[in-house]
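Trainee:
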Amino acid sequence: MMTWVMPVYAGSDVEHAKYLVESRKVAQAFMQTLGGALKNQLAGGAESAIGVCKQIAPALAAEYSQNGRTVKRVSLKVCNTVQGTPDAWEKTVLENFDAEQQQGKSAAEMEVTKVTSTADGRAFCYMKAIPAQPMCLQCHGQSADISAGVKALLSKEYPLDQAVGYRAGQIRGAISISYRLADEAPNNLAVTQ
Ligand code: HEC
């Protein structure tokens, strides 16, 4: 009788749970850091806070994207069309989040995961809904919520901005995290006999 130690491969429940826990932590840390910076900056006026979104958000995303992990924010109505446009799966998830919210589900609880094959190999993907808070409406709200100065600056910096018209509580977008995974277990491994 021979016994191999069973390696843990992505796709197994253990590995899946590990990446889920990790994704939740990263999402929370990212959103807290960004939210804190935004709040500080908004104290000096929404116009000056546009810089936070323009510089800090992509810089933070880059900082959190390391060791095979990618972190970004996506939305069905983007401000930054380059960084914020969802891929096909992300778009479907965002549409489902909106549909679920209309059925009364709380946005705070919305998250999904998948394990998928990509051109670069297998990946674990995680998305979590981002609800709009009242402070977000200064840039993403109804026309009456947004000052003339902010409107002018947004249309100058983001001429394609669609991320307006939100009300507090609506889903503004999602944080989307993915991990590149080790290859699938070859058939001759992971056996105890
Ligand atoms: C001061 C204006 C301002 C405020 C307030 C603001 N945002 Fe933004 N938001 C922006 C700008 C500008 C971008 C584009 C940033 C970039 O270039 O990546 C952006 C991008 C985003 C994105 C990425 C997707 C996209 O549309 O490009 C999300 C999600 C988002 N904001 C959510 C929020 C949430 C949630 C809040 C409140 C907690 C908030 N924003 C508050 C200006 C603002």
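FYI, in my numbering the residues of the sequence shown are 1 to 193. We put the CB at the ideal spot given by N, CA and C, even for glycine.
1. Less than 6 Å separating the Cβ of Arg180 from some heavy atom of the ligand PLP?
2. Give me the residue from Ile56, Gly169, Ala152, Ile50 with the minimum Cα distance to Ser106.
3. Grab me the residues of Ala46's own chain with a C-beta within less than 7 Å of its C-beta, minus the 5 sequence neighbours each way, in chain order.
4. Does the ligand HEC have a heavy atom nearer than 6 Å to the CB of Lys54?
5. Taking its Cβ as the centre, do 16 or more other Cβ atoms sit within 10 Å of Pro134, making it buried, or is it exposed?
6. Is it the case that the CB of Ser75 approaches a heavy atom of the ligand HEC more closely than 6 Å?
7. For Arg172, verify whether its CB is less than 6 Å away from any heavy atom of the ligand HEC.
8. Once DSSP output is grouped into helix, strand and coil, what is the label at Gly173?
9. Would you mind giving the Cβ-Cβ distance between Leu154 and Asp161, rounded to the nearest angstrom? I have them listed as a contact below 8 Å.
10. Indicate the three-state DSSP secondary structure (helix, strand or coil) for Thr33 in the structure shown.
11. For the ligand HEC, any of its heavy atoms closer than 6 Å to the Cβ of Val78?
12. Is Ile177 near the ligand HEC - that is, is its Cβ less than 6 Å away from at least one heavy atom of it?
13. Give the secondary structure of Val26 by DSSP, where H, G and I count as helix, E and B as strand, and everything else as coil.
14. Can you find at least 3 beta carbon pairs, one from the region 87–94 and one from the region 48–57, that sit closer than 8 Å?
15. Distance, Cα to Cα, Arg122 vs Gly44?
16. With a Cβ-Cβ cutoff of 7 Å, do Met110 and Ala132 count as a contact?
17. Need the endpoints of the alpha helix (DSSP H) that Tyr64 sits in, please.
18. Which residue comes first and which comes last in the beta strand (DSSP E) that contains Ser117?
19. Alpha carbon to alpha carbon, how far is Val21 from Val79? Give it in angstroms, no decimals.
20. State buried or exposed for Gly29, treating a residue as buried only when at least 16 other CB atoms are found within 10 Å of its CB.
Mentor: According to the structure shown:
1. This structure simply doesn't include the ligand PLP; it includes the ligand HEC instead.
2. For this step, residue 106 is matched to residue 106 along the sequence shown. When Ile56, Gly169, Ala152, Ile50 are compared, the shortest CA-CA separation from Ser106 is found for Gly169.
3. The residue labelled residue 46 in the question sits at position 46 within the sequence shown. Once the five neighbours on either side are set aside, the close Cβ partners of Ala46 are Gln138, Cys139, Ser147, Val150.
4. Within the sequence shown, numbered from 1, the residue matching residue 54 stands at position 54. Correct: Lys54 has its Cβ closer than 6 Å to the ligand HEC.
5. Here residue 134 is taken as the residue at index 134 of the sequence shown, counted from 1. Exposure of Pro134 is indicated by the presence of fewer than 16 other C-beta atoms within 10 angstroms of its C-beta.
6. By one-based count along the sequence shown, residue 75 stands at place 75. For the ligand HEC, at least one heavy atom lies less than 6 Å from the Cβ of Ser75.
7. For this step, residue 172 is matched to residue 172 along the sequence shown. Yes, the Cβ of Arg172 comes within 6 Å of a heavy atom of the ligand HEC.
8. Here residue 173 corresponds to residue number 173 of the sequence shown, with the count starting at 1. In the structure shown, Gly173 sits in a strand (DSSP, three-state: E or B).
9. Counting from 1 along the sequence shown, the entry for residue 154 is found at position 154. Counting from 1 along the sequence shown, the entry for residue 161 is found at position 161. Indeed they touch by this definition, with Cβ atoms about 5 Å apart.
10. As a working mapping, residue 33 is identified with position 33 in the sequence shown. Helix at Thr33.
11. One-based indexing of the sequence shown puts residue 78 at position 78. With a cutoff of 6 Å, Val78 counts as near the ligand HEC, since its C-beta is closer than that to a heavy atom of the ligand.
12. Locating residue 177 in the sequence shown gives position 177, counting from the first residue. Result no, Cβ not under 6 Å from the ligand HEC.
13. The residue labelled residue 26 in the question sits at position 26 within the sequence shown. Three-state result, Val26: helix.
14. no
15. By 1-based counting over the sequence shown, the position of residue 122 is 122. By 1-based counting over the sequence shown, the position of residue 44 is 44. So the alpha carbons of these two residues sit roughly 44 Å apart.
16. As a position in the sequence shown, residue 110 is number 110, starting the count at 1. As a position in the sequence shown, residue 132 is number 132, starting the count at 1. For Met110 and Ala132, no; Cβs fall outside 7 Å.
17. Position 64 of the sequence shown, counted from the start, is the residue given in the question as residue 64. Its alpha helix (DSSP H) spans residues 57–64.
18. On the sequence shown, residue 117 is found 117 positions in, with the first residue counted as 1. It spans 111–118 - the beta strand (DSSP E) in which Ser117 sits, taken as one unbroken run.
19. Start at 1 with the first residue of the sequence shown, and residue 79 comes out as number 79. Start at 1 with the first residue of the sequence shown, and residue 21 comes out as number 21. Val is not the amino acid found at residue 79; the sequence shown has Cys there. Between Cys79 and Val21, the C-alpha separation is close to 29 Å.
20. The sequence position of residue 29 within the sequence shown is 29, counting from 1. The sequence given here has Ala at residue 29, not Gly. The residue in question, Ala29, is exposed, as its Cβ has fewer than 16 Cβ neighbours within 10 Å.
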